[in-house]
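Numbering (the numbering used here), first residue to last: 605 to 798. The structure appears right after this line, and notes come after that.
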Ligand SMILES: Nc1ncnc2c1ncn2[C@@H]1O[C@H](COP(=O)(O)OP(=O)(O)OP(=O)(O)O)[C@@H](O)[C@H]1O
Ligand SMILES: [Mg+2]
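The following block contains the structure:
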C-alpha cells in the first residue's frame, strides 16, 4: 500500500526544506514538481500565486501517476505549490498545506529575491488562502493546515509525523491571516494594490 503525501503552500513558505527533511525521516521518495515538470518537458508557464502551473495537466497527472505506481518506495512525498492540482486523487493520502504569517513570509520572499508585484501577489495569495482552497477543493478530508510561523524545520517535521502516526488530528480553516493582520493594524498595507 502506497502512501502519497503532498506538501504544498505559497511560494517560499518552506515546502522544499520541510519535504526533504520529512523524506529523510521516512526514507521516502521525494518528488519536486518544478523539477518533475522540467525533466518531463511539461511546463508551459507558471502561475505561482494561484497555486497552479500552466502545464498539460492531464499529461502531468498521468506521468505522476505512472511514477507513483512504478515506485518501489511505499512512501512518496510530492513538493510543489501546484501539487494539489496535478496529483491523481486516488493516490493521495495526506495533503499538508504550510501557512506562514505574511510578515515572516515577506521577509523570506525578500531574502529569496522576490520584490514588487510578484511578491505582493504571492503574499495576497497567502492571505486569501489560495493553496488551502485548492487543496480542499480537490482532496477534501485529507487536508491538514499547518502554521509554520517561527517554527524550526525539525518541529514542523515532528508535527507532520504526529499527524501521520495519528498522535494528532489536524484541522483546516483555522488560520486567519486576514483577521490576524487586521488585529495587528497592518491589513491595509498588505492588501493595497501594487
Ligand atoms: N522552518 C524554517 N525556519 C527557517 N527558515 C526556513 C524554514 N523553512 C524554510 N526556510 C527558509 O525559507 C526559504 C524558503 O524555503 P523553501 O525553499 O523550502 O520554500 P519553498 O516553499 O520550497 O519555496 P518555492 O515555492 O520557491 O519552491 C529558504 O531560504 C529556507 O532556508
Ligand atoms: Mg521549493
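Backbone N, C-alpha and C fix where the C-beta goes; we use that ideal spot for every residue, glycine too. All values derive from a computational prediction rather than experimental measurement.
Near ligand 2: residue i beta-carbon under 7 Å from a heavy atom
| i | result |
| --- | --- |
| residue 619 | yes |
| residue 780 | no |
| residue 683 | yes |
Cβ-heavy atom distance, residue i to ligand 1, below 7 Å
| i | result |
| --- | --- |
| residue 693 | no |
| residue 753 | no |
| residue 686 | no |
| residue 712 | yes |
| residue 706 | no |
C-beta atoms of residue i and residue j nearer than 8 Å
| i | j | result |
| --- | --- | --- |
| residue 617 | residue 641 | no |
| residue 762 | residue 698 | no |
| residue 613 | residue 685 | yes |
| residue 689 | residue 661 | yes |
Span separating the alpha-carbon of residue i from that of residue j
| i | j | result |
| --- | --- | --- |
| residue 795 | residue 728 | 7 Å |
| residue 714 | residue 770 | 36 Å |
| residue 624 | residue 638 | 14 Å |
| residue 734 | residue 676 | 33 Å |
| residue 785 | residue 673 | 43 Å |
| residue 759 | residue 748 | 16 Å |
| residue 710 | residue 631 | 32 Å |
Contact belief for residue i with residue j at Cβ below 8 Å, rounded distance in angstroms
| i | j | result |
| --- | --- | --- |
| residue 702 | residue 609 | Contact flag wrong, Cβ pair sits at about 12 Å. |
| residue 629 | residue 765 | 7 Å |
| residue 755 | residue 683 | Between residue 683 and residue 755 the Cβ distance is about 18 Å, and since that is not below 8 Å, they are no contact. |
Proximity test, residue i beta-carbon vs ligand 3 heavy atom, cut-off 7 Å
| i | result |
| --- | --- |
| residue 757 | With respect to small molecules bound, the structure shown includes ligand 1 and ligand 2 and not ligand 3. |
Residues near residue i in its chain [Cβ-Cβ closer than 6 Å; skip 5 each side]
| i | result |
| --- | --- |
| residue 716 | 616 |
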